[in-house]
Amino acid sequence: MSKTLNLVLHIWRQKNRDSRGGFVRYEISDVSEHSSFLEMLDQLNEQLIARGEEPVAFDHDCREGICGACGMVINGEPHGPQKLTTTCQLHMRKFKSGDELYLEPFRAQAFPVIRDLIVDRAPLDRIVQAGGFIGARTGSAPDANSILVPKENADRAMDAAACIGCGACVAACPNASAMLFTAAKAGHLNLLPQGQPERTARVLNMVSQMDSEGFGHCTNHFECMEACPKGIDVDFIAKLNRDYLRANVESREVNSSDNSAG
Amino acid sequence: MKKALSFLETTIGKKVVMALSGLVLFGFVIAHMLGNLQVLMGPEVFNAYAIGMHSLPAPIFWGGRAVILIAFVLHVTMALQLVTRTAAARPVPYTKKKNERTTYAALTMKMSGLTLLFFVLYHLAHFTFPGVAMGAYEHLGYTQVYSNFVNGFSIPWVTALYVAAMISLGFHLYHGSFSLFQTLGLVHPKRNHIIKGAAQIVALTVTTGNIILPLSVTFGLVS
Ligand code: HEM
Ligand code: SF4
Ligand code: FES
Numbered sequence: 004m005s006k007t008l009n010l011v012l013h014i015w016r017q018k019n020r021d022s023r024g025g026f027v028r029y030e031i032s033d034v035s036e037h038s039s040f041l042e043m044l045d046q047l048n049e050q051l052i053a054r055g056e057e058p059v060a061f062d063h064d065c066r067e068g069i070c071g072a073c074g075m076v077i078n079g080e081p082h083g084p085q086k087l088t089t090t091c092q093l094h095m096r097k098f099k100s101g102d103e104l105y106l107e108p109f110r111a112q113a114f115p116v117i118r119d120l121i122v123d124r125a126p127l128d129r130i131v132q133a134g135g136f137i138g139a140r141t142g143s144a145p146d147a148n149s150i151l152v153p154k155e156n157a158d159r160a161m162d163a164a165a166c167i168g169c170g171a172c173v174a175a176c177p178n179a180s181a182m183l184f185t186a187a188k189a190g191h192l193n194l195l196p197q198g199q200p201e202r203t204a205r206v207l208n209m210v211s212q213m214d215s216e217g218f219g220h221c222t223n224h225f226e227c228m229e230a231c232p233k234g235i236d237v238d239f240i241a242k243l244n245r246d247y248l249r250a251n252v253e254s255r256e257v258n259s260s261d262n263s264a265g
Numbered sequence: 217m218k219k220a221l222s223f224l225e226t227t228i229g230k231k232v233v234m235a236l237s238g239l240v241l242f243g244f245v246i247a248h249m250l251g252n253l254q255v256l257m258g259p260e261v262f263n264a265y266a267i268g269m270h271s272l273p274a275p276i277f278w279g280g281r282a283v284i285l286i287a288f289v290l291h292v293t294m295a296l297q298l299v300t301r302t303a304a305a306r307p308v309p310y311t312k313k314k315n316e317r318t319t320y321a322a323l324t325m326k327m328s329g330l331t332l333l334f335f336v337l338y339h340l341a342h343f344t345f346p347g348v349a350m351g352a353y354e355h356l357g358y359t360q361v362y363s364n365f366v367n368g369f370s371i372p373w374v375t376a377l378y379v380a381a382m383i384s385l386g387f388h389l390y391h392g393s394f395s396l397f398q399t400l401g402l403v404h405p406k407r408n409h410i411i412k413g414a415a416q417i418v419a420l421t422v423t424t425g426n427i428i429l430p431l432s433v434t435f436g437l438v439s
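Protein sequence lines correspond, in order, to chains A and B. The first sequence begins at 4 in this note's numbering and counts up one residue at a time. The second sequence begins at 217 in this note's numbering and counts up one residue at a time.
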């Protein structure tokens, strides 16, 4: 038989954006060590519903670490104690029976709490809408090698493209900065030939949007990189800084407020 | 679609100005330290150095001072703008928050910066502006800079204040010296350990060099 855990949970409960939240203490027993963190919360919610209480609201979708929907701060760590792992892929065997866990939402001015552990991460979508795409219709997949991509660029673009937009970088940053996310999204396209025509406008517009959303500035603590479940490297932030400088030099060639190429 | 923010309206733009002005101030701090270490070579050398500085052609002397002043003003202005902006970025603090990578120096840049701001004002009043010499000693003008130096640092609390300020400078530069390369995008994963090592050795050297100065009077190396 597999081991089970008994836990004490302090969970942030907040009715809506405007209400004040606070921690509520729950005890849960007989949690299988094989269950995921979210399954443990499902188990808690079943008990809450049975008792006629409001279940704890938390975000999730794929539950396989690829969609970016889940995420909460577990004992001070966004996505919990396991490196390179989303909350949904975190398993209870990482914890010990008797552990006391504090579950908080990702905290940032730009991420208002919608309910309990769910925050509104629409600012990240708006950063992508500002330039994290290629404007031209590209049709179906091109023939292999018809557009040459240096191997190293292809690898780095893939590294950046691994970002699932979960927002853990913002949550981990002492300044609540969204630089790692923005750097990943801009860097991914700026490394590829298809991204070149809009490179300048992309960087100017995405950085503008990021700074209009009320995130803090980057002071190179590099906490984001520790929290990122996809291992996005802060080297992409240096690249964003570089690309932003270059975009300012080149901005005479583009109308920066127009980023639709086709 | 709304118009993109201008360079100086973005946090990256402001940080680039901070990094460049920080670099100018870093350069100044190194030159200043090397100049002042000549005090260990005796009154003739040190007084001659001061007189030599003041007899530089006016455009170089005042131009140099202007560059440092502008860098300082820009650095402090950008720091204040960024720090106030970011103070609003997380209105509800975490109950538990683990920091796994950042350093004490990085987390206290605001405090070490503010300490330096007050220190620089005090330092100018102490040695540069004749008449306001703070600390009860006789200020003799720049041609007698050696005596000013010895007089100034004969007062224990002045020495203590300088040492404390230089420790702040050490922390500020420990983080700032690498951070500025990241901000300017002048890093590369394969070279980062070298850049970081070199930057921090220079930061440590500047701090130690500057701490030796007031302590040289305390320990009678300079009298
Ligand atoms: C001797 C004078 C000073 C030197 C040599 C210096 C140097 C630097 C350097 C090299 C940086 C790094 C820039 C970057 O990260 O890109 C920096 C950052 C900073 N400095 Fe200074 N600085 C000085 C004085 C000040 C003063 C007087 C203040 C404040 C009133 C200040 C506040 C800051 C702040 C807030 C940062 C940003 C911290 C961060 O990014 O985490 N500095 N400084
Ligand atoms: S950079 Fe990492 S932590 Fe930030 S949103 Fe993307 S996947 Fe999440
Ligand atoms: S639910 Fe999709 S990444 Fe966790």
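Heads up, the beta-carbon is just placed ideally off N, CA and C, and yes, glycines get one too. Remember, it's a predicted structure, so these values are computed and weren't measured experimentally.
Quick check on this structure: which residue in G329(B), S328(B), G357(B), L330(B) has the alpha carbon closest to the alpha carbon of H342(B)?
G357(B)
What span of residues does the alpha helix (DSSP H) with S395(B) cover, start to end?
372-399
Which same chain residues end up closer than 6 Å to N9(A) when comparing Cβ atoms and leaving out the 5 residues on each side of it in sequence?
S32, S100
Near T88(A), what residues of its chain come up, given a Cβ to Cβ distance below 8 Å and the 5 sequence neighbours on each side ignored?
Leaving aside the five residues that flank T88(A) on each side, the residues in its chain whose CB is nearer than 8 Å to its CB run, in chain order, G68, H82, P232.
Helix, strand or coil at P81(A) according to DSSP, with G and I counted as helix:
strand
In the DSSP assignment, find the alpha helix (DSSP H) that holds D64(A) and state where it starts and stops.
Per DSSP, D64(A) belongs to no alpha helix (DSSP H) and is neither H nor E.
Counting only Cβ pairs nearer than 8 Å, list the residues of chain A close to P405(B).
D236, D238
Any chance the CB of F184(A) is under 8 Å from a heavy atom of the ligand SF4?
Here the distance from the Cβ of F184(A) to the nearest heavy atom of the ligand SF4 is below 8 Å.
How about G142(A) and V206(A): do their beta carbons lie closer than 9 Å?
Their beta carbons are not under 9 Å apart, which means G142(A) does not touch V206(A) by this criterion.
Kindly indicate if chain B contains any beta-carbon less than 9 Å away from that of D246(A).
yes
Kindly indicate which three-state DSSP category Y310(B) falls into: helix, strand or coil?
coil
In chain order, what residues of the same chain have a beta carbon less than 7 Å from the beta carbon of V440(B), not counting five sequence neighbours either side?
Only positions 217 to 439 of chain B appear in the structure, and residue 440(B) is not among them; the question remains open.
Just verifying my parser: in three-state terms, what is the DSSP assignment at H404(B)?
coil
Going by the beta-carbon positions, is the gap between D62(A) and I130(A) smaller than 9 Å?
no
Buried or exposed for A274(B), please, with buried defined as at least 16 other CB atoms from any protein chain shown within 10 angstroms of its CB.
exposed
Against chain A, does P273(B) count as a neighbour if the rule is that its beta carbon must be under 9 Å from one of theirs?
Interface flag for P273(B) against chain A is unset, since no Cβ pair is found closer than 9 Å.
On the DSSP bridge assignment, give the partners of Y105(A) in chain order.
DSSP output for Y105(A) lists H13(A) as bridge partner(s).
Consider the C-beta atom of H63(A) and the heavy atoms of the ligand FES; say whether any pair is separated by less than 8 Å.
yes
Can you name, in chain order, every residue of its own chain whose Cβ lies under 6 Å from the Cβ of C227(A), other than the five neighbours on each side?
C172, A175, C176, L183
is_contact[K231(B), chain A] using C-beta, thresh 9 Å
yes
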